[in-house]
Amino acid sequence: MELAICPVCKKQSLVLSMSTQEIPHFGKILILSTRCENCKFKHSDVFNVEIKEPLS
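For the sequence shown, the residue numbers in our numbering are 4 to 59.
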């Protein structure tokens, strides 16, 4: 497991994870999250991977 540098404590202890999920009526989403094993800093982002037309 490769660790990144934490933006808060500046230690190389930031764990990066990425996953995709299928959400009904929305389609596929991408979840990116980071967690520092040293200072416990956390951050998450959610992105749409596909665009679906509205249901009528």
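Note that beta-carbon positions come from the ideal geometry of N, C-alpha and C, so glycine has one too.
When DSSP labels each residue in this structure, what does Phe50 get in the three-state scheme?
When DSSP states are grouped into helix, strand and coil, Phe50 belongs to the strand group.
Comparing alpha-carbon positions, which option in Pro27, Phe44, Val18 and Met21 lies nearest Ile56?
Before going further, note that residue 56 is Glu rather than Ile in the sequence given. Comparing alpha-carbon positions, the option among Pro27, Phe44, Val18 and Met21 lying closest to Glu56 turns out to be Pro27.
Chain-order list of residues whose beta-carbon lies under 6 Å from that of Glu40 (same chain, five-residue window excluded):
The beta carbon of Glu40 is closer than 6 Å to those of Ser16 in its chain, skipping five residues each way along the sequence.
Give the secondary structure of Lys45 by DSSP, where H, G and I count as helix, E and B as strand, and everything else as coil.
The answer is strand: DSSP assigns Lys45 an E or B state.
Locate the beta strand (DSSP E) running through Lys31, then write down its first and last residues.
Here the beta strand (DSSP E) through Lys31 covers Gly30 to Cys39.
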